[in-house]
Structure formats: structure tokens, C-alpha cells
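Per my numbering, the very first residue in the sequence shown carries number 85; after that it's consecutive. Glycine residues also receive a C-beta, built at the ideal position from the N, C-alpha and C atoms. Treat the numbers as computed from the prediction; the structure is a model and nothing was measured.
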Amino acid sequence: MNRLGAARASQSPYSFGAQPDSHSVTRFRFWAPSVDAVNLVLEGSTPQRMQKLDDGFHELVCPAPAGTRYRFALPDGMLVPDPASRLQDGDVHDSSVVCDLHQYGWKHAPWKGRPWSETVLYELHCGLYGGFKGVEQRLPDLQKLGITAIELMPVADFPGPRNWGYDGVLPYAPDAAYGTPDELRSLIDTAHGLGLMVFLDVVYNHFGPDGNYLPSYAPEFFRNDLDTPWGPAIDFRRNAVRRFFAENALFWLREYRFDGLRLDAVHAIHDQTWLPEMAGFVRSRLGSERHVHLVLENDDNAAGLLRQGFDAQWNDDAHHVVHHLLTREDSGYYASYANNATQMLARALSEGFVFQGQEDPVKPGRIRGEPSADLPSERFIFFLQNHDQIGNRAMGERLSSLGVATNALKTAVALQLLTPQIPLVFMGEEEGATSPFLYFTSHMQPELAKAVREGRRKEFAGFPAFADPEARSRIPDPNEESTWELSRVPEKRNQTANEWRQWYRKLLALRYQYIVPRLQGARSMGARVLGEGAVSAIWQMGDGARLSLYCNLGPDPCPFTLAPHIDRDTVFFMGPADVPGMSIGALTTLPGHCVIATLESHGEHEHA
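And the structure:
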């Protein structure tokens with residue numbers, strides 16, 4: 085049963101926060117079920133008692149125009165910001181600000197988005213690109229490259245000026261370190277004018293360790309019987325909690341006109357019934373005329389959610405197996421992909437997930453995943469790098485800094501961009517950047533900064549390279565500003581960067597020409613191993629055409645008995661290794677570091 089009922093008391097779809105009307109009168113709503121009395125404290129005014137309602141809310145309607153600073157006063161005198169603050173006057177511990185959500189004049193209001201099948205994602209960190217204005221300036225360059233959607237790492241207000249964004253504590257408020265709410269709207273508006281979608285990464289599984297006041301007045305927000313890696317689990321069994329986050333998803337999509345959301349680590353949301361309920365909630369309120377896309381990160385590989393309102397999931401399995409084949413790393417979670425890696429790659433290409441309900445070979449007793457072979461290929465997001473896979477390394481190395489040969493990496497990029505799965509590129513990847521992407525914070529409390537530094541170094545003690553305390557001491561301190569500065573992608577492009585951009589531009593142009601028009605409804609026809617690190621995969625595209633990829637990620641040639649069956653007129657890509665096109669049918673081996681892509685029309689393969 086859907087538990088997300090209508091918001092009460094006004095025409096606003098939101099139950100939480102400060103909501104002004106056209107007459108400078110604002111309705112303040114604050115969920116504090118454990119507190120009998122709450123006062124609203126407007127800056128420069130006498131505190132006003134709020135009315136306690138039966139459902140745990142405290143409410144007050146009073147004159148308060150946009151720009152008014154306010155806090156809530158608890159019975160013990162503590163002043164707290166609004167947990168649904170739309171803007172902070174400073175940082176997470178400061179006053180909240182009443183905001184007019186409708187003052188921005190949209191230039192591209194008719195924009196309805198783009199179909200999911202056209203998506204090529206580019207993940208970026210706003211702060212490292214100079215805030216919302218800095219990102220906006222880069223949009224034409226990304227559009228020319230062939231990117232169709234940018235994905236912002238979380239922007240919800242976090243403590244201090246530097247953070248990945250996953251320590252946010254005020255999920256409705258864009259962090260002032262990146263710019264104003266209207267500057268964020270301008271970024272999205274400009275993107276829409278260029279034909280680019282904008283996605284936002286949102287965190288609904290935990291709050292950060294600094295600035296979360298909810299336990300002071302709403303301990304019911306959390307469970308006392310379950311923990312996550314970041315603290316007590318959020319209690320999604322409660323209707324108010326379910327609505328707080330469902331309305332947050334609607335807020336970003338409605339008031340900022342984001343085209344989609346990526347939900348972080350939903351395996352840490354213990355009541356999974358909320359996820360499809362939330363998807364239905366936002367879609368029903370935004371209408372079918374808009375293209376709105378919802379994406380999951382889910383270590384549980386819960387394929388069932390991809391049949392219940394979600395467009396796709398980040399495919400960690402595909403990343404892990406390709407990373408192992410490129411680097412031969414087999415520590416940490418790569419250990420689960422070190423045996424039969426090529427067979428796992430074939431399965432990831434043909435069925436989406438590698439783990440679909442079987443036991444993890446290095447974690448006895450852990451059964452992971454659900455069957456996914458029936459799902460369309462576009463339900464899976466294929467990436468070679470992202471913020472997690474780079475930044476969760478001790479030294480933040482990218483593939484370009486891990487000894488991967490240039491042609492091997494180019495081969496992997498060709499595989500990624502020419503499959504029917506949805507590609508995601510991480511900032512700087514398209515330029516072959518060698519700068520690290522490190523884990524960074526800016527906690528103001530010295531004891532918290534120390535705990536984060538020591539905790540991160542302890543986390544890597546089990547890895548052979550960091551078994552020695554001296555080696556661990558060289559792991560960059562997340563709280564040092566130098567760690568942030570090292571993570572910037574150089575603005576000046578050298579010849580290598582330009583060559584990489586040409587490679588991406590070429591492949592994305594081919595994707596848009598040959599794959600995107602046929603992607604919707606594409607289904608795998610199977611994949612098989614050709615040799616170590618080499619696979620072939622075939623898909624029946626939505627228009628009946630047949631897409632085939634022959635990929636060798638390894639340096640050595642492998643047997644290629646399929647070559648005589650390839651019509652050279654169907655080949656639309658070969659590389660980066662040199663393959664003589666005129667003699668492709670005579671090949672007996674598939675060269676190392678090579679991808680061959682063919683497309684046969686419906687009539688061609690019917691008569692083959």
C-alpha cells in the first residue's frame with residue numbers, strides 16, 4: 085500500500101520546511117515528535133510558539149518574506165536549523181533562510197528532457213570545477229564531446245567548504261560553497277539549452293557526522309536495532325521519514341528541474357518497499373510528458389527494482405571484472421572477480437550482473453544478486469572509473485596511473501562506449517588525466533578530522549602495500565587542503581589530453597549514429613569467451629539489427645574462428661590496434677588490444 089499521502093494544509097506538495105506564499109506569509113513545519121514545545125525564532129524577532137499537531141509536526145504560519153533567517157528553539161534552549169532548509173546563511177550549524185522557489189525566470193521552460201536510450205553520463209564534482217558557475221562554463225565543451233547528461237556528485241549542504249558530498253546533513257539545501265540556488269538553476273537551464281540533461285546524486289541512506297541535529301528532537305528518525313557503515317540506520321518504516329525523502333526527490337526534480345537522480349548505496353536502506361513507492365510518487369506528480377530518470381547504486385544487485393520504476397543501476401560487476409583484466413589487481417573486492425574473469429566479462433555484457441544469486445567465492449555464505457538476464461541492456465550503467473572506484477583507493481589513482489597500456493585502456497573505452505549498456509565517464513577520464521581523485525573533507529572539529537584521517541589509514545591496513553605503518557602515514561589526510569588541490573583536473577590540455585578527447589569524440593559519434601537509434605528494446609543474444617581477456621557479444625537491437633562486438637583486452641592475439649563469418653561491409657569500427665579492413669575475413673587471430681564492431685541490418689542477418 086502506498087503510504088505517501090497528500091501534503092497537508094496547503095497546495096504545496098511538501099510537508100517539511102518553510103514555504104512562503106505570494107503575500108510574504110510563510111508556513112513553517114518541523115517534525116519533532118519527541119518534543120512537546122518548539123519555538124520558531126525569526127532573526128530579530130521574539131520567539132513564537134509553534135502548534136504541535138497529532139502527527140508529530142509543529143506548525144506556524146506567520147509573516148516571513150523570502151530572505152528571512154530562522155531557527156527552531158528546543159525546550160533546552162538549543163537552536164537548530166531546519167532539517168528541510170532550502171538554504172543556509174553560512175554553514176550547516178547556522179540559520180536557515182526562507183526561499184522563494186519560483187523567482188528564477190527559466191529560459192528553457194519547455195524542456196522535457198531526453199529519452200533514457202540517448203544517455204551518456206559524465207560524473208563530476210562541482211567544487212573541483214569552480215562551483216555551479218564553473219560547471220556551467222564547461223557545458224559547451226562537454227556537449228561538443230558527445231556527452232548528453234552531466235551527473236553532479238551530491239550538493240546537499242555539508243560541513244565546511246570541501247567534501248565529496250556524502251557527508252551532507254541538510255538534503256534540501258544546495259551547499260553555499262558551490263553557489264546560490266539560482267546559480268544551480270542557471271547551470272541546469274543552460275544545460276537544457278544545449279540539449280544536455282542534468283542528474284543529481286542524492287544520499288538517502290545516512291547523514292554526515294557533523295551538523296545532524298535530528299537525534300536531538302526526532303530520535304524516531306533512526307532505528308536502534310540496525311546500523312550502517314555510517315551509523316544508525318534511517319527508519320523507513322515511519323511514514324514521516326518515508327515522505328521526507330520522497331519529497332526531497334520530488335523537490336530536486338520539480339523545483340530545480342533536474343532530469344534524473346542517482347540514489348547512493350540503496351542497499352543500506354533496509355525497508356526496500358520505500359524505493360518503488362518513491363519512484364511512483366515522483367513520477368505521478370511530474371507527469372508523463374517529462375523524461376525523468378531514476379538510477380540506483382545497489383551492491384545487492386536487486387534486479388527486481390529495475391522492473392519497478394527505476395531506469396538503471398550502476399554495474400559494479402562490469403567495472404570490477406574489467407578493472408581486474410586491465411590491472412590484474414586481486415585484493416579487496418577485486419578478489420571476487422579474479423577467477424574466471426573473462427567468463428565473468430561475457431556474463432556482464434550479456435546478462436548485466438555477474439552475481440545473480442550465487443555465493444561470492446571469497447565471502448563464503450554471502451548470496452548476492454537476483455537474475456537479470458531478462459532485462460534490457462540499457463538497464464545497466466557501464467563505467468571504467470567513477471568517484472568511488474578512484475577515490476576509495478588509498479592514493480586515488482586513475483587507470484592511467486596504474487600501469488595500464490594506452491592501447492589497452494583505449495580498447496576498454498571502445499568496449500564501454502559501443503555496447504548497448506549506458507556509459508558513464510568520470511571527470512578527466514576523457515582527457516586521460518593522471519591527476520588523482522582523493523577522498524577529501526573539511527571538518528571543522530579537530531577531533532572529527534583526526535578520526536577521519538586515522539580511520540581512513542586504518543581502513544587500508546589489510547592491504548599488502550599499506551601493511552607498514554610508515555606506508556599508511558603517506559596516505560593523504562582528507563582534511564588537508566592540499567588533498568583537495570591534488571584532486572583538481574588540470575585546466576590546460578596537452579597533446580595527450582587532446583588525443584584522448586579525439587578518441588572519445590570519435591566513439592561517441594559512432595555510438596550516436598549506430599547504437600542510440602536502435603537501443604530501446606535491445607536484448608542480448610549471448611556472449612562467449614574467445615581467449616584470455618577476449619570475448620564476443622551479440623545483441624538484437626530494437627529495430628531488429630544485430631550488433632556484434634569482438635573485444636580483446638589483452639596484449640596477445642587470440643584465436644578468431646569467427647572472422648570468416650564477418651562481412652566487412654557491416655564493420656563500423658576497428659581499433660585501436662591496426663586491423664586491415666579488406667582482409668578481415670582472412671584473420672585467424674584477433675589482435676591484442678582490439679575491438680571490432682559490426683552492425684547487420686535485419687535483412688542481412690536473416691539471410692546470413
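Its Cα nearest to that of Glu462, the residue Thr203 stands out among Thr682, Gly128, Thr203. Assigned with DSSP and collapsed to three states, Tyr98 falls in coil, not helix or strand. Each residue's CA atom was taken as its position, placing Leu163 and Gly292 some 19 Å apart. If you ignore the 5 residues before and after Leu278, its C-beta comes within less than 6 Å of the C-beta of Leu223, Gln227, all in its own chain and listed in chain order.
Within the DSSP bridge table, the entry for Tyr206 names Ile234, Val509 as partners. Spanning the alpha carbons of Gly211 and Leu570 requires a straight line of approximately 13 Å.
Close CB contacts of Gly441 within its chain, under the 7 Å cut and outside five residues either way in sequence, are with Ile451, Gly453, Glu454, Pro455 (chain order).
Just measuring C-alpha positions, the residue of Ala275, Ala661, Asp294, Pro238 sitting nearest His177 is Asp294. A direct Cα-to-Cα measurement between Val600 and Gly626 gives close to 10 Å. Here the alpha carbons of Met609 and Phe439 stand approximately 19 Å from one another.
In the DSSP secondary-structure assignment, Leu674 is bridged to Cys642.
Contact between Phe524 and Trp248 is confirmed by a C-beta separation of about 7 Å, below the 8 Å threshold.
Checking the DSSP bridge columns, you'll see Lys136 partnered with His142. Around the beta-carbon of Gly128, fewer than 16 other beta-carbon atoms lie within 10 Å, marking it exposed. Looking at the DSSP output, Trp587 sits in no beta bridge, so it has no partner there.
Counting the other CB atoms within 10 Å of its CB gives His403 a total of 16 or more, which places it among the buried residues. Apart from sequence neighbours up to five positions away, the residues of its chain that approach Val663 with a beta-carbon distance below 8 Å are Leu671, Pro675, Cys678, Ile680, ordered along the chain. By the C-beta density criterion, Thr130 is exposed, having fewer than 16 other C-beta atoms within 10 angstroms. Ranking Pro520, Thr580, Glu531 by CA distance to the CA of Ser566 puts Pro520 first. Each residue's CA atom was taken as its position, placing Ile234 and Leu280 some 7 Å apart.
Per DSSP, reduced to three states, the secondary structure at Ala533 is helical.
Per DSSP, the unbroken alpha helix (DSSP H) holding Asp266 starts and ends at 265 to 277. DSSP places Ser608 within a strand segment (E or B) once states are collapsed to three.
The beta carbon of Ile272 is closer than 7 Å to those of Val282, Tyr340, Arg341, Phe342 in its chain, skipping five residues each way along the sequence.
Per DSSP, Pro199 lies in no beta strand (DSSP E) and is assigned neither H nor E.
As computed with DSSP, Asn308 is found in no beta bridge at all.
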